[in-house]
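Residue numbers (this note's numbering), protein chains in the order written: chain A, 17 to 327; chain B, 17 to 327; chain C, 63 to 392; chain D, 63 to 392.
We put the beta carbon where it would ideally sit given N, CA and C, even for glycine.
Right, one structure below, let's go through it.
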Amino acid sequence: MQSVPALEWHLYQQMYLIRRTEETLLDLFSQGLLFGTVHTCIGQEAIAVGVVNAIDKSKDVIWSNHRGHGHFLAYCDNIEGLIAEVMGKETGVCRGIGGSQHLHYNNFYTNGILGGTVACAVGSAMAEKKKNSGAITVVFLGDGAMGEGIVYESLNMASLWKLPVLFVLEHNQYAQTTPTSLAHTGDLSNRPKAFGIETREIKADNVISVNRLAQECVHKVRTQQKPLFITMHTYRFAPHSKGDDVRPAAEIETAKRSDPLTHMRWALAQINERRVASIENEVDMRIIEAVETVKQQLVLAPEMFFAGRQP
Amino acid sequence: MQSVPALEWHLYQQMYLIRRTEETLLDLFSQGLLFGTVHTCIGQEAIAVGVVNAIDKSKDVIWSNHRGHGHFLAYCDNIEGLIAEVMGKETGVCRGIGGSQHLHYNNFYTNGILGGTVACAVGSAMAEKKKNSGAITVVFLGDGAMGEGIVYESLNMASLWKLPVLFVLEHNQYAQTTPTSLAHTGDLSNRPKAFGIETREIKADNVISVNRLAQECVHKVRTQQKPLFITMHTYRFAPHSKGDDVRPAAEIETAKRSDPLTHMRWALAQINERRVASIENEVDMRIIEAVETVKQQLVLAPEMFFAGRQP
Amino acid sequence: MTTYLGSLQLHLQQLLSVDSTVLVMGEDILDPYGGAFKVTKGLSTKFPDRVITTPISEAGFIGVANGMALRGLKPIVEIMFGDFITLGADQIINYAAKFAAMYQSALEYHLVIRMPVGGGRGYGPTHSQCLEKLFLGIPHITILAPSIYHDPGLMLASAIQQPGPVLFLEHKLLYSQELITPANSPFAVNLSDESFPLVRLTNNTEKTADLTLITYGGALWLPALLQKMAEEEIWLDVLVPSSLNQKAHPTLAVSASHTGRVVIVEEGAGPFGWGAQIAYDLQHAMLNRLTAPIAVIHAENTIIPATQALEQLHLPNLQKIEQKIYEVLS
Amino acid sequence: MTTYLGSLQLHLQQLLSVDSTVLVMGEDILDPYGGAFKVTKGLSTKFPDRVITTPISEAGFIGVANGMALRGLKPIVEIMFGDFITLGADQIINYAAKFAAMYQSALEYHLVIRMPVGGGRGYGPTHSQCLEKLFLGIPHITILAPSIYHDPGLMLASAIQQPGPVLFLEHKLLYSQELITPANSPFAVNLSDESFPLVRLTNNTEKTADLTLITYGGALWLPALLQKMAEEEIWLDVLVPSSLNQKAHPTLAVSASHTGRVVIVEEGAGPFGWGAQIAYDLQHAMLNRLTAPIAVIHAENTIIPATQALEQLHLPNLQKIEQKIYEVLS
Ligand SMILES: Cc1ncc(C[n+]2csc(CCOP(=O)(O)OP(=O)(O)O)c2C)c(N)n1
Ligand SMILES: Cc1ncc(C[n+]2csc(CCOP(=O)(O)OP(=O)(O)O)c2C)c(N)n1
Ligand SMILES: [Mg+2]
Ligand SMILES: [Mg+2]
């Protein structure tokens with residue numbers, strides 16, 4: 017039996033946890049137990065897990081987007097805080113006020129408005145540099161968000177001011193229902209290059225390779241104090257949010273053949289199938305428990321929320 | 017005596033007219049006869065004249081910016097309409113309401129807000145393409161304006177939709193008081209390239225070469241129905257607007273050695289000094305007359321202007 | 063039966079059919095998806111050249127629409143959620159709204175920007191706002207907000223003929239609603255004879271009303287309110303303008319001078335909204351005839367919470383409105 | 063003698079001296095130029111690391127400031143002309159204003175956005191506006207507008223300690239003006255004891271005032287108006303708040319309930335401005351004590367013309383205000 021480093025088990029555990037948590041959220045949605053919007057990263061987990069496990073969680077800053085559950089769970093493993101938030105309970109990380117698209121926890125931030133997060137990320141990188149904290153900032157954005165002008169303003173400033181920010185483009189070929197070819201010209205990686213930013217590119221179906229590349233990049237950003245941009249080619253298996261999928265079924269099926277989760281499961285199962293099962297079992301139990309707990313929880317008391325009103 | 021095509025005399029005449037008109041505006045400003053802001057293109061005339069004389073003035077569209085007098089005069093030769101506008105008289109092309117930064121005449125448009133004009137230009141190119149008018153759009157922007165995100169949104173759309181728009185970057189090395197090195201990274205020409213747009217570059221001190229390149233580009237844009245981006249390296253000899261110059265005097269002096277006006281004058285004078293003098297004389301007279309006429313003119317009657325108010 | 067959505071879809075089709083200068087732009091508007099709220103459903107199949115799906119570049123494509131409008135086309139732009147209109151603020155305020163007056167030119171300029179607004183779906187702080195207050199009082203912008211008592215499609219058809227930029231607000235909760243007309247309404251409904259009509263509703267056509275209620279847009283609480291008040295024998299004169307960026311419609315003052323009591327309801331959060339100006343205009347027109355201070359109800363002065371129960375409490379709702387009516391009547 | 067500009071310069075220097083987390087960003091703010099209106103003059107020489115000149119990317123650098131503020135720095139951002147704030151609307155409304163409430167977190171978050179506003183210099187339609195109405199009524203934004211009766215530098219120092227984003231409006235005509243204090247004013251001046259004080263001015267301390275005049279910001283016509291009215295024996299109680307994005311200061315209603323007559327003057331163009339809400343609050347608080355309708359004067363409901371003579375007629379001016387006062391008094 018070949019020995020596998022603890023890291024790999026950990027990365028698999030996180031990917032599985034994200035997948036199952038999001039599947040659970042979709043179930044809860046179908047059951048009418050959850051309201052609003054949910055954007056899952058099913059199929060893209062290798063990015064969240066690979067990248068977030070490359071940073072220093074004690075100090076580095078993350079800016080995520082509308083599709084942020086995976087980044088969040090990889091960052092803090094707080095299943096209950098996330099489910100409660102999405103279900104609108106007071107125990108959610110933002111007490112149910114932000115919801116799925118507006119998460120904040122320690123150094124983790126998201127916003128439901130595309131593009132602007134990238135400027136904020138450049139700002140947090142600048143702040144940490146000024147404070148000499150040694151922290152870097154990672155910002156996740158989609159191919160669609162590359163349509164926003166503020167992204168280019170931000171690339172320019174990050175490069176101009178030599179800021180420690182790692183841009184992670186999750187290129188899943190679609191923005192909602194729009195294929196990249198109807199939204200962009202040229203290779204998206206050329207754009208950061210034009211602003212003097214070094215780039216990397218990877219097919220993000222193997223969490224180990226993603227993590228290895230991310231580690232290299234994080235190190236570079238931290239030591240050289242300048243930005244770097246990684247394009248991660250990926251695909252989401254689930255609809256944009258719920259039931260709004262117009263992609264060809266065959267295309268989705270083909271993409272699923274490079275499911276990062278299945279592949280890693282297969283590899284690890286070769287080594288220790290029981291361990292895989294036990295990891296999964298543990299995660300399943302945690303999620304079930306989290307859901308049961310959250311179901312019992314309350315919505316934030318109105319007087320608590322409205323106390324924060326402006327006069 | 018060597019024969020020189022009529023075009024060259026015409027280009028010189030226009031450059032001279034622009035230079036003298038703007039010097040006159042600065043004088044009027046100093047005399048307190050004119051109020052607000054005036055941004056002159058003194059030193060950059062070869063761009064306005066070279067490019068605008070390459071288009072089909074009967075149908076092509078121009079979007080200009082805060083530094084638009086030169087583009088305007090090269091387009092329509094309307095000295096009186098411009099001076100009156102800047103002096104706030106009812107005979108101005110916008111009846112004195114727009115002022116120096118907000119000009120419109122036939123297919124010529126400007127706005128005092130940087131960047132947004134580029135999106136409008138892409139829109140006018142799209143409109144003319146949809147209408148099959150055969151018209152192209154030219155948009156002038158400065159190196160500073162390349163800081164605005166909407167410029168990149170526009171480059172992307174122009175390229176994506178294959179629109180007949182010619183971007184002309186007047187790279188005068190400064191935005192107001194800020195040298196390019198404090199505002200941008202990398203070579204600005206790489207940015208349009210990253211959006212799949214073909215680029216050209218020229219030192220814009222010779223109006224003939226500028227015009228030749230512009231003709232080639234206009235032809236290409238019109239026949240191939242896709243965008244093109246020219247970077248014109250230039251320098252302004254006068255302050256940004258009035259008295260706000262912090263550039264080293266020596267730098268300005270050096271730049272003046274490649275004054276496109278002086279150079280062409282010298283070349284033409286070799287051939288026919290009297291003709292040069294007579295062209296200049298005629299222009300001088302026209303400007304003097306225009307100023308005298310405009311001075312007598314009135315401000316738009318308040319009831320005329322305020323009739324356009326919203327209820 | 064016609065729904066709000068159906069009317070918009072129908073009239074968009076007609077507009078594109080009859081006028082070849084009309085075109086539609088926005089994010090994800092192509093078939094089979096047909097836009098986040100389905101308003102453009104079927105359109106790109108029929109008019110592939112004039113239905114343009116855009117990159118996620120709200121500022122940019124509003125700018126593109128500006129350029130098109132100046133060159134004689136009539137773009138109808140969809141902003142996927144009204145909350146994103148912040149990104150187009152410059153193109154609307156410093157470009158679209160200024161062209162005609164700034165150039166002093168009799169421009170043929172037509173542009174409509176459609177956007178779904180409002181809460182009630184648990185979409186959270188950045189996908190639920192009514193941000194029209196951003197543009198109220200900006201000269202030369204027309205702001206329209208058809209309710210279910212208006213015909214939104216008809217209004218859209220008029221909007222694209224209107225000179226200057228038009229912001230066209232569609233409350234997201236209305237799409238699935240059946241339109242209410244004098245024929246199918248349980249309450250008396252009247253529409254003024256204007257392109258952007260004022261609707262007048264009452265729960266008693268015989269009696270003088272006790273109170274003037276003024277609102278616009280979503281207002282799905284209205285039928286229940288009329289019913290409830292009728293049960294209490296409180297007679298309401300309800301006025302629902304569809305054009306917002308102008309001083310109070312004269313009929314508002316007429317009604318208010320009869321009732322002397324006015325409640326204004328708007329969904330936008332916080333003060334400084336539409337209602338404040340309408341209240342100003344009314345007190346200015348007929349101070350002496352007011353028997354009670356004019357009251358404005360708006361959403362609470364904070365962000366819109368994602369969690370449903372709190373969202374309901376955040377927005378103006380039946381209970382808050384009833385209570386305010388009693389307060390003003392007492 | 064301290065000018066408005068001098069006060070801002072001085073306090074900026076002090077702020078950067080005493081608090082190493084404060085930094086300043088904007089276009090063309092470095093020495094020797096020191097910004098389009100010279101507010102940052104001298105600053106970059108003293109604090110080269112904390113005075114950052116930016117590309118022309120208003121949305122982007124407000125976003126950068128947002129990120130910095132979330133991470134514990136206190137950025138003071140300059141927008142060269144207030145008209146360009148449209149480009150930052152999304153970062154202000156959907157980011158800055160939402161963070162604290164949306165994240166339900168006791169964020170230490172400080173951000174001030176300074177901007178020169180207003181007309182009178184012939185800069186034309188896109189460089190002369192008072193666009194604060196865009197942000198009035200947006201929850202969780204503080205909007206400040208020091209007049210020459212306030213100390214703008216002191217207010218700036220308080221502003222950067224204020225939680226949440228602050229928009230700080232500096233009327234461009236004020237920079238060169240000497241600050242008016244109780245000591246050097248020909249009229250009685252009082253400041254309330256608040257960080258963002260309400261100023262009270264009167265042309266007669268003995269008599270009960272005939273009319274309450276409420277205004278903010280530029281208002282350079284004020285001394286001449288007080289003088290003129292004094293000659294006519296019309297006694298004014300003038301109230302000048304410095305904090306705008308909130309309901310009427312209680313003192314306003316107190317004054318209005320004594321005089322019964324109120325004129326509100328604001329420089330923004332068109333209706334739906336600050337004055338409408340203040341008028342609403344006043345009629346709501348004391349309808350019975352109003353002897354005349356409240357009147358609001360704002361700039362004309364159109365763009366600001368470049369030509370000077372028309373610009374003067376566009377803005378609220380002495381003559382229009384006088385006339386309105388007579389109207390309200392009669
Ligand atoms: C400014 C803005 N415009 C539009 C939207 C609506 N929207 C949310 S997600 C999305 C698609 C984003 O695509 P991409 O960036 O590729 O991310 P993905 O969903 O593929 O992960 C759109 C259009 C938004 N949230 N913000
Ligand atoms: C959106 C916006 N931001 C800032 C300004 C103020 N401004 C006017 S011109 C200028 C410098 C522009 O530089 P550049 O684009 O290089 O043109 P140049 O003046 O050199 O011709 C600035 C900052 C503006 N008009 N619009
Ligand atoms: Mg995508
Ligand atoms: Mg320049």
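query, result
"In this structure, does DSSP put W79(B) in helix, strand or coil?", "strand"
"Skipping 5 residues on each side, what residues in its chain have a beta carbon closer than 6 Å to that of T153(B)?", "V77, A137, S140, A141 and V181"
"Rounded to whole angstroms, what is the Cα-Cα separation between N350(C) and V316(C)?", "13 Å"
"Short of 8 Å in beta carbon distance, which residues of its chain neighbour L42(A), apart from the five on each side in sequence? Order them along the chain.", "V54, T56, A254 and K258"
"Where does the unbroken beta strand (DSSP E) through R176(D) begin, and where does it stop?", "H172 to V179"
"Anything in chain D within Cβ reach of V139(C), meaning under 8 Å, just list it in chain order.", "Neighbours of V139(C) on chain D: none; closest Cβ ~17 Å, over 8 Å."
"Less than 8 Å between the CB atoms is what I'm expecting for P214(D) and S69(D), so what's the real figure, rounded?", "5 Å"
"Buried or exposed: where does K272(B) fall if 16 or more other Cβ atoms within 10 Å of its Cβ makes it buried?", "exposed"
"Taking the beta carbon of S197(B) as the centre, do at least 16 other beta carbons fall within 10 Å, making it buried, or is it exposed?", "exposed"
"Is P187(D) close to chain C, meaning its C-beta is less than 7 Å from at least one C-beta of that chain?", "yes"
"Tell me K136(C)'s beta-bridge partners as DSSP assigns them.", "V84(C)"
"Suppose contacts are defined by Cβ-Cβ distances below 7 Å. Is H233(C) in contact with G279(C) by that definition?", "yes"
"Could you have a look at A191(A) and say whether DSSP puts it in helix, strand or coil?", "strand"
"Output yes or no for whether 7 Å exceeds the beta carbon distance between T83(C) and L135(C).", "yes"
"Take G330(C) and list the residues in its own chain whose beta-carbon comes closer than 8 Å to its own, dropping the five residues that flank it on each side.", "Q191, C192, L193, E194, K195, W336, H360 and A361"
"Using the Cβ count rule (16 or more neighbours within 10 Å means buried), how would you classify Q153(D)?", "buried"
"What first and last residue would you give for the alpha helix (DSSP H) that runs through R35(B)?", "A22 to S46"
"Would you grab the beta carbon distance between D272(D) and A310(D) for me? Rounded to a whole angstrom, and I think it's under 8 Å.", "So it is not a contact: roughly 20 Å between Cβ atoms."
"Could you tell me whether the Cβ of F161(C) comes closer than 7 Å to any Cβ of chain D?", "no"
"Excluding the five sequence neighbours on either side, which residues of its own chain have a C-beta within less than 6 Å of the C-beta of I203(D), listed in chain order?", "A159, F197, P227 and N307"
"What first and last residue would you give for the beta strand (DSSP E) that runs through N206(B)?", "Not the beta strand (DSSP E): N206(B) falls in the alpha helix (DSSP H), residues N206 to A210."
"For L27(B), count the other beta carbons within 10 Å of its own beta carbon; 16 or more makes it buried, fewer makes it exposed. Which is it?", "buried"
"Comparing C-alpha positions only, which one of Q117(B), P264(B) and F183(B) sits nearest to G86(B)?", "Q117(B)"
"On the DSSP letters alone, give me the boundaries of the beta strand (DSSP E) that G158(A) sits inside.", "T153 to G158"
"Can you check which of these residues, N172(A), Y190(A) and G112(A), is closest to A317(A) by C-alpha distance?", "G112(A)"
"Counting only runs that start and end within the stretch 212-251 of chain C, where is the beta strand (DSSP E) found for 3 or more residues in a row?", "226-233"
"For ligand 1, is there any heavy atom lying closer than 6 Å to the beta carbon of F146(C)?", "yes"
"Closest by CA to E298(B), which one among E186(B), I95(B) and C110(B)?", "I95(B)"
"Determine which residues of the stretch 198-213 of chain B have a Cβ less than 9 Å from any Cβ of chain D, and write them out in chain order.", "L198, A199 and H200"
"Report yes or no: is there a C-beta of chain A within less than 7 Å of the C-beta of R133(D)?", "yes"
"For the structure I just gave you, are there three or more beta carbon pairs, one from the stretch 239-250 of chain A and one from the stretch 177-196 of chain A, closer than 8 Å?", "yes"
"Take K382(C) and list the residues in its own chain whose beta-carbon comes closer than 8 Å to its own, dropping the five residues that flank it on each side.", "I359"
"Report yes or no: do three or more beta-carbon pairs, one from the stretch 121-130 of chain D and one from the stretch 161-170 of chain A, lie closer than 8 Å?", "yes"
"Once DSSP output is grouped into helix, strand and coil, what is the label at K108(D)?", "helix"
"If we count the other Cβ atoms within 10 Å of its Cβ and call it buried at 16 or more, is H235(A) buried or exposed?", "exposed"
"Can you tell which of A98(D), A338(D) and S167(D) has the C-alpha that lies nearest to the C-alpha of V179(D)?", "A98(D)"
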